[in-house]
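J.: Counting along the sequence shown from 1, when you hit position 133 you're at 132 in numbering that gives the first Met the number 0, and nothing is skipped either side.
Beta carbons: idealized from backbone N, C-alpha and C, even for Gly.
After the structure tokens below, expect a handful of questions from me.
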Amino acid sequence: MGMSVGISGRGGRGHRRRGRHHALISEINVTPMVDVMLVLLIIFMVAAPLLTVGVPIDLPDTQAKAMNADTQPITVSINAAGQIYLQETEIPIEELVAKLQAISKTGYEERIFIRGDKSTDYGTAMKVMARISAAGYKNIGLVSLQEQEQ
């Protein structure tokens, strides 16, 4: 009952690699990388619309066509309670013109969109438009939803 001692540890039969050196395989397995990229794409597709949340307003429907816009206009929003928002920040109506002048990049040629909830008091919307117009801004537009045909 003796023990056999092998040289290479592969069953004791003396298997040796004589002069052969195998290079490491340095390939990237693409399938897991594609899986990860698709998951990231889905995550960003779902998350992107959530990042553009503004003031919650129920816009009225109209038959007007959608506008093509190259630059992002300044948005003034009026919610159902009559509160006024410049972009997403609530401001009193007295500070509206001063804040508009501070953030206008192109001066009085800046496009200003007014978003008013459909249950907003008409007088409040007109006060906002009158102040903006009296300050010298000429590109003022009202935002609405396109009417759904039934």
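Helix, strand or coil: which one does DSSP assign to S132?
T.: Translated into the one-based positions of the sequence shown, residue 132 becomes position 133. Three-state DSSP puts S132 in a helix.
J.: For my contact list, S143 and A79 are in at a C-beta cut-off of 8 Å; report their separation, rounded to the angstrom.
T.: By 1-based counting over the sequence shown, the position of residue 143 is 144. By 1-based counting over the sequence shown, the position of residue 79 is 80. With 8 Å as the limit, S143 and A79 do not qualify as a contact, their Cβ atoms being about 15 Å apart.
J.: Decide if L99 is buried, meaning its Cβ has at least 16 other Cβ atoms within 10 Å, or exposed.
T.: For the purposes of this step, residue 99 is taken as the residue at position 100 of the sequence shown. A buried status is given to L99, since no fewer than 16 other beta-carbon atoms sit within 10 Å of its beta-carbon.
J.: First and last residue of the alpha helix (DSSP H) that includes T30?
T.: The residue you call residue 30 lines up with position 31 of the sequence shown. Start and end: V29 to L50.
J.: Taking just the CA atoms, how far does H20 sit from S7?
T.: Looking up residue 7 in the sequence shown gives position 8. Looking up residue 20 in the sequence shown gives position 21. For S7, the pLDDT reaches just 48, beneath the cut-off of 50, and the residue's location in the model is therefore unreliable, although a value from the coordinates is still provided. Cα-Cα distance, rounded: 15 Å.
J.: So does the segment 38–46 actually touch the segment 83–99, counting three or more Cβ pairs closer than 8 Å?
T.: no
J.: Give the range of the beta strand (DSSP E) segment to which I92 is assigned.
T.: In the sequence shown, counting from the first residue as 1, residue 92 sits at position 93. Counting along the chain, I92 falls outside any beta strand (DSSP E), and DSSP gives it neither H nor E.
J.: At the level of alpha carbons, what is the spacing between Y136 and L49?
T.: For this step, residue 136 is matched to residue 137 along the sequence shown. For this step, residue 49 is matched to residue 50 along the sequence shown. It is roughly 31 Å from the alpha-carbon of Y136 to the alpha-carbon of L49.
J.: From which residue to which residue does the beta strand (DSSP E) around S76 run?
T.: Numbered from 1 along the sequence shown, position 77 holds the residue referred to as residue 76. Segment I73 to I77, the beta strand (DSSP E) holding S76.
J.: Going by other Cβ atoms of all chains shown within 10 Å of its Cβ, with 16 needed for buried, is I27 buried or exposed?
T.: Position 28 of the sequence shown, counting from 1, holds the residue named residue 27. Exposed, because fewer than 16 other Cβ atoms sit within 10 Å of the Cβ of I27.
J.: Is R114 near P72, with beta carbons less than 7 Å apart?
T.: Sequence index remark: in the sequence shown, residue 114 carries index 115 (1-based). Sequence index remark: in the sequence shown, residue 72 carries index 73 (1-based). It is not a contact, given that the beta carbons lie outside the stated cut-off.
J.: Just to confirm my understanding: we take D116, look at its own chain, exclude 5 residues before and 5 after, and list those with CB closer than 6 Å. What are they?
T.: Within the sequence shown, the letter at position 117 stands for residue 116. Cβ within range, chain order: I56, D57, N78 and A79.
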